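Numbering (the UniProt record's numbering), first residue to last: 2 to 818.
See structure below.
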Ligand code: 26V
């Protein structure tokens, strides 16, 4: 490998220029005369990728080092965002690339815009996986992200007549220069069929699985560069294909078309990412997807173990698998199957090995989001795994019976199988029982896990429960997407903050009262807001005023996140303006963005409501001199680049106890936005860090939410007893935002007045009052700027580097390189 070290390409402007031209000629294969911007993007991407290859090869060598534990991050979603800009930053070649592009007469920003992002995730959970890969690599922890190479990622969102319309995400349409297919790295995956008992040579009873069919998973590798540390980790995504045997079958039976049909089925497994959805559609395919990528990944890990010359006994010291939610939790049954059925390891030993190898992160307490599979479905797709789960369960429950004799209710509560009514496999129980560590993603969320959803398990094994508060990577979310702020910060405190956020960013505090620094700070924000205004004008013809307060809520649309609470406040301001009670109203632009699950009717209606309010205000000069409402279509990582940096106010207004952590809250605050938020998820820890004086807190806390629900909550009384709220709701009902249509928003209003499951009406007045405090605070420019600086300075804790260090120390027992 020493030879390899010296073939690396250089990073001078001349060398980069030559490399780009070379790729243009040899890989794009066109004369520059006929070049499109996308052609140039491809040439630049290949040139940048080439600069990662030598380090990639040497980093792969470390995977062979048998003394290094590898982290296998198992996740059904990786929301990586565009690669090019990030790779340039992490390789530290932005100056040279910029200059090379200039000399080639191409505009780097336009080139970067060409990249279609790999949207292989829904939202927070998938983006967290991407931030964690960045931090793992920056901290030199050998890691492989294992997932699915969906052909179609999260749908693209368009807005037509105010409604969301979903468009297929054809992200691979123009090719993907970042992945390298490894055809030789492929594994068979069985599905369906039945099991059969038999007696082995030693007279022992054994079981084998006789599957109905087998598909193949092929590895597609994408390099993940660390920040200026010559380290590259691996994102390994599996694409499903037909096995060769189908071709033989066609040959045998002469049924060519039949065989092609089977091939088509095999390929559907990795076809499409499912949205977080309440609907039952696609359950069978979803479970098949999960098993598919888990099976490939475990086989891959066992291959690496062998490559290192280690034995199965060494597995827990050689690799640690982190389960990103329950989606990959079938891995626990699969490892047991491999060890017991295929490697003939005895059960107890296999179980010990399995538990040492896995750890589970829970990302939600919402009951409808806790995965469970109906027994018949499970038996149909994974008959052997169901038997193994029964065995795990029966051994587990007999332990519980011994510990708590006669406590049948506890047995019912803790069983992996839910037997109230139709039977289900509860994946969170499997994940918890099969792991040595379970963690929540914020202090509050972990507390609620312990007290509520997993309480019995916590009582059984309190030492297995950990909190790891989420974090986000400052490389992408500050340095790449807010370059003006990044240089202003570096001018004052140097550049170390980029990798030492927790220790260094705090040094900004001493400039919080410095008037010239404050002015520079405001200038950056103003320029960022102006950029966003231009973009919205250019792309959608929207008109917004950069001098107004930018009040932004971007995240998936869900009732628990309460975008409709935000909408009610806007209507409250609308009413005041119409009634000429405008004193104390600060000009604001309300910006929303986010996708609703295609089958989530109320979420889609909330989008329609926001757009309806926006349109009404657009057409009313009396109102739009004060406020504007815009909905930024197709919010994703790429669009996020323009949004977080432009915010004055970040909306984090979920019902307390419902948002496990939130990560957008962190992105906003570390880019200088103040937060209006509830006592929920990581908001609590953010407020503790930035100080309550620099955070706009409102509403019930989680305990109060629980209490009010227990004692009987009557939203209709809240509505009746609050004239202001009543006017707001009645105005929607009157058709004021829907051209007289009084039906369209009825389902939403009925939900709010009927049972209001997320306490929107309960928190309404507190929210409106708090927004009034925001308006007043914004009018004091100096005080606001100081709060903004203090927010950024005190956000160091929320770097994903800190989160990864926590995982390393408490859960993986790995020492960062
Ligand atoms: C899934 C489902 C599926 C059924 C319909 C409703 C529903 C709602 C939410 C979900 C998402 C579950 C997992 C998830 O994405 N959790 C998010 O994880 C982030 C990273 O830890 C965290 O910041 C967010 O608070 C949490 O919602």
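Note that the Cβ used here is the ideal one computed from N, Cα and C, for glycine as well.
None of these values were measured; they are calculated from a predicted model.
{"query": "Determine, using beta carbons only, whether residue 563 and residue 654 come nearer to each other than 8 Å.", "result": "yes"}
{"query": "Just curious, the beta strand (DSSP E) that residue 625 is in, first and last residue?", "result": "No beta strand (DSSP E) contains residue 625, which is instead part of the alpha helix (DSSP H) from 622-625."}
{"query": "Taking three-plus beta-carbon pairs below 8 Å as touching, is the segment 461-471 in contact with the segment 111-120?", "result": "no"}
{"query": "To the nearest angstrom, report how far apart residue 527 and residue 592 are at their CA atoms.", "result": "16 Å"}
{"query": "Within 10 angstroms of its Cβ, does residue 613 collect 16 or more other Cβ (buried), or is it exposed?", "result": "buried"}
{"query": "Beta-carbon within less than 7 Å of residue 7's beta-carbon, same chain only, minus the 5 sequence neighbours each way: which residues are those?", "result": "Only weak support exists for where residue 7 lies, its pLDDT of 48 falling under 50; the value from the coordinates is given anyway. Result list for residue 7: empty, nothing under 7 Å."}
{"query": "Residue ranges of each alpha helix (DSSP H) run of no fewer than 4 residues wholly in the segment 540-582, ordered along the chain?", "result": "564-579"}
{"query": "Relative to the ligand 26V, what is the chain-ordered list of residues with a Cβ closer than 7 Å to any of its non-hydrogen atoms?", "result": "123, 124, 125, 126, 129, 277, 278, 279, 326, 364, 365, 367, 369, 370, 442, 471, 559, 598, 660, 661, 662, 663, 664 and 682"}
{"query": "Taking only the alpha-carbon atoms, compute the straight-line gap between residue 787 and residue 559 and give it to the nearest angstrom.", "result": "33 Å"}
{"query": "CA-CA distance, residue 619 and residue 649?", "result": "22 Å"}
{"query": "Given a threshold of 16 other Cβ atoms within 10 Å of its Cβ, counted over all protein chains shown, does residue 209 qualify as buried or as exposed?", "result": "exposed"}
{"query": "Let me know the secondary structure DSSP gives residue 215 once reduced to three states.", "result": "strand"}
{"query": "Of the choices 241, 223 and 707, whose alpha-carbon is the least far from that of residue 265?", "result": "241"}
{"query": "According to DSSP, is residue 287 helix, strand or coil?", "result": "helix"}
{"query": "For residue 13, decide whether its Cβ has a neighbour in chain D, counting only Cβ atoms nearer than 8 Å.", "result": "No chain D is present in this structure, which holds just one protein chain."}
{"query": "Skipping 5 residues on each side, what residues in its chain have a beta carbon closer than 8 Å to that of residue 568?", "result": "607, 610, 611 and 614"}
{"query": "State whether the segment 795-815 contacts the segment 748-762, with contact taken as three or more CB pairs (one from each stretch) at a distance under 8 Å.", "result": "no"}
{"query": "Alpha carbon to alpha carbon, what distance is there between residue 690 and residue 226?", "result": "30 Å"}
{"query": "Within 8 Å, do at least three Cβ pairs link the segment 42-52 to the segment 302-317?", "result": "no"}
{"query": "Report the three-state DSSP secondary structure of residue 632 (helix, strand or coil).", "result": "strand"}
{"query": "Give every residue of the same chain whose Cβ lies closer than 6 Å to the Cβ of residue 729, excluding the five residues on either side of it in the sequence, and list them in chain order.", "result": "569, 572 and 573"}
{"query": "Contact check, residue 804 vs residue 469 under 8 Å by CB: the rounded distance?", "result": "6 Å"}
{"query": "How is residue 764 classed by DSSP in three states: helix, strand or coil?", "result": "helix"}
{"query": "For the alpha helix (DSSP H) containing residue 433, list its first residue and its last residue.", "result": "428-434"}
{"query": "Once you ignore the five residues that flank residue 11 on each side, which residues in its own chain have a CB closer than 6 Å to its CB?", "result": "none"}
{"query": "Can residue 372 and residue 327 be called in contact, C-beta distance under 8 Å?", "result": "yes"}
{"query": "Nearest to residue 706 by alpha carbon, out of 694, 681, 721 and 727?", "result": "681"}
{"query": "In terms of residues, what are the limits of the beta strand (DSSP E) holding residue 321?", "result": "320-325"}
{"query": "In whole angstroms, what separates the C-alpha of residue 809 from that of residue 296?", "result": "25 Å"}
{"query": "Could you check the C-alpha separation between residue 584 and residue 522 for me, to the nearest Å?", "result": "28 Å"}
{"query": "Helix, strand or coil, according to DSSP, for residue 1 in the structure here?", "result": "For the chain, the structure presents residues 2 to 818; residue 1 sits outside this window and is missing."}
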